[in-house]
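Written below as structure tokens is the structure these notes are about.
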Amino acid sequence: MNADSKKAALRMIPYGIYVLTADDGKGNVAAATVNWVTQTAFAPPLVVVGVKADSGAYQTLKSARNFALNMLGKDHKSLAFTFFKPADVSDGKISGQAFRKGTTGAPIFLDAPGAIECRVTTIGEQGDHHIVVGEVVDAHLNRTLSGRPDANILEMKDLGDNVFYGG
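Those letters in the sequence shown? Residues 314 to 480, by this note's numbering.
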């Protein structure tokens with residue numbers, strides 16, 4: 314297989330940008346930028362997310378058995394970069410972001426256009442990112458959306474010509 318062709322072809326897959334949050338109730342709160350996300354079923358509503366296996370966010374999610382996906386808006390480019398590194402919880406904020414606890418206890422960012430909360434149903438531990446299947450148990454809209462819902466979220470391509478994932 315040609316490595317350059319493989320990389321280019323895999324980078325053609327479009328990605329939204331989200332911040333996965335989890336709180337295990339034992340003092341461990343995580344927030345990490347993720348982009349390998351898709352809905353996989355309507356009934357029950359299921360999503361899958363790829364989470365870096367050696368990350369603190371993954372360990373907190375595994376312990377919590379639930380998580381939230383905070384959708385980032387087009388105006389949240391800096392937040393995507395903020396959560397590429399471990400989160401800092403202080404002064405009632407996560408890395409400077411105000412939040413409230415959702416139904417599952419997972420943090421929901423007040424400035425995110427929307428969020429979903431999921432209960433972990435399955436984890437596939439293979440590769441450097443593990444696949445987490447979550448059943449959507451609650452959904453939040455923090456503001457009125459205009460146009461198509463998917464046109465309101467930040468996408469990987471919005472982060473600049475030199476920001477890629479995959480390949």
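For glycine and all other residues, C-beta sits at the position ideal for the given N, C-alpha and C. These numbers come from a predicted model, not from an experiment.
Handout entry: Residue range of the unbroken beta strand (DSSP E) whose run includes Gly369
Key = Along the sequence shown, read from residue 1 onward, the residue named residue 369 stands at position 56. Gly369: not part of any beta strand (DSSP E); member of the alpha helix (DSSP H) spanning 369-377, first to last residue.
Practice task
Run through the region 339-415 for me and flag every whole beta strand (DSSP E) of 3 or more residues, listed as ranges in chain order.
Solution key: 342-347, 350-354, 359-365, 379-384, 410-414
Handout entry: Neighbour-count burial assignment, Gln410, 16 or more Cβ in a 10 Å radius
Key = In the sequence shown, counting from the first residue as 1, residue 410 sits at position 97. It counts as buried.
Exercise for the section: Could you check how far apart the C-beta atoms of Asn379 and Glu438 are, in whole angstroms? I think they sit under 8 Å. Expected result: One-based indexing of the sequence shown puts residue 379 at position 66. One-based indexing of the sequence shown puts residue 438 at position 125. No, Asn379 and Glu438 are not in contact; Cβ-Cβ is about 18 Å, not under 8 Å.
Handout entry: Assigned secondary structure, Pro426 (DSSP; H/G/I helix, E/B strand, else coil)
Key = The residue you call residue 426 lines up with position 113 of the sequence shown. Residue state, collapsed to three classes: coil.
Exercise for the section: Run the CB neighbour count on Val342, radius 10 Å, all protein chains shown included, and call it buried at 16 or more, exposed below. Expected result: Translated into the one-based positions of the sequence shown, residue 342 becomes position 29. Label assigned to Val342: buried.
Problem - From Thr334, Val347, Ala316, Tyr328, residue whose alpha carbon lies closest to that of His442 - result: Here residue 442 is taken as the residue at index 129 of the sequence shown, counted from 1. Out of Thr334, Val347, Ala316, Tyr328, Val347 has the C-alpha closest to the C-alpha of His442.
Problem - Paired residues, beta bridge with Gly473 - DSSP - result: Taking the sequence shown and counting its residues from 1, the one referred to as residue 473 is at position 160. Answer is none; Gly473 lacks a bridge partner.
Problem - Where the alpha helix (DSSP H) containing Leu323 begins and where it ends - result: Reading the sequence shown from its first residue, position 10 is the one you call residue 323. 316-323 is the extent of the alpha helix (DSSP H) around Leu323.
Practice task
Kindly list the residues whose CB is nearer than 6 Å to the CB of Arg413, restricted to its own chain and excluding five residues on each side of it in sequence; keep chain order.
Solution key: Against the sequence shown, residue 413 aligns to sequence position 100. Taken in chain order, the residues that qualify are Ile421.
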